[in-house]
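Heads up: the sequence shown runs through residues 1 to 128, numbered per the UniProt record's numbering.
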Amino acid sequence: MTQEAVNPKAYPLADAQLTITIMDLIQSAANFKQIKKGANEATKTLNRGIAEFVVMAADTEPLEILLHLPLLAEDKNVPYVFVPSKESLGRACGVTRPVIACSVTSNDASQIKGQIQQIKDAIEKLLI
């Protein structure tokens, strides 16, 4: 996917290295049952205050179906980021279908808490 093909509304877009790191963490979070897949589930986690960060696919068509998530995430002070492909996001979530949005949920006893914090910091650097 070329950078030009991505909708300019999909901001901030993770670079290739950050995308790989995010996908790896999403895979780990899926193994630890710390992930909610889909725009509706991500919205619920934000409203309930259990979302650590939100990941959305930039190649969603139309993109407007998930553009309420950045607004909600900003209200709740939750970092959010776009990745280029919904297919790879779906694979990282452990499903065969494309996933347009997912959120990693909080769990204090989790073994991946440190990794989650690193990704949150990296996403917040993109937003500055």
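Think of the CB as a built atom: it goes at the ideal place given N, C-alpha and C, for glycine as much as any other residue.
For residue i versus residue j, is the C-beta spacing smaller than 7 Å?
i	j	result
Lys36	Ala42	yes
residue 138	Ile26	Residue 138 lies beyond the stretch modelled for the chain, which goes from 1 to 128, so this question has no answer here.
Gln6	Ala58	The residue asked about is misnamed: residue 6 is Val in this sequence, not Gln. Yes, the pair counts as a contact, with Cβ atoms nearer than the cut-off.
Ala39	Ala109	no
Gln60	Leu69	Note that residue 60 is Thr in the sequence shown, not Gln. Cβ atoms of Thr60 and Leu69: not closer than 7 Å.
Pro98	Lys113	no
Leu55	Val95	The sequence shown places Val at residue 55, rather than the Leu named in the question. No, the Cβ-Cβ distance between Val55 and Val95 is not below 7 Å.
Taking just the CA atoms, how far does residue j sit from residue i?
i	j	result
Cys93	Val81	16 Å
Leu126	Gln17	13 Å
Lys9	Gln111	34 Å
Leu89	Phe53	14 Å
Leu13	Leu72	18 Å
Asn31	Leu63	28 Å
Gln34	Thr45	11 Å
Arg48	Lys120	19 Å
residue 211	Lys76	Outside the modelled stretch of the chain, which goes from 1 to 128, sits residue 211, for which no answer is possible.
Tyr11	Gln117	21 Å
Ile128	Ala122	10 Å
Excluding the 5 residues flanking residue i on each side, which residues of the same chain have their C-beta closer than 8 Å to its C-beta?
i	result
Glu124	Pro79
Can you find the residues in the same chain that come closer than 6 Å, C-beta to C-beta, to residue i, ignoring five residues on each side of it along the sequence?
i	result
Ile20	none
Gln115	Leu25
Ser103	Lys36, Ala42, Thr45, Ala51, Val54
Please list the segments of the beta strand (DSSP E) lying wholly inside the UniProt domain "Ribosomal protein eL8/eL30/eS12/Gadd45" (22-112), counting only runs of 3 or more residues, in order along the chain. 35-37, 51-57, 80-83, 101-105
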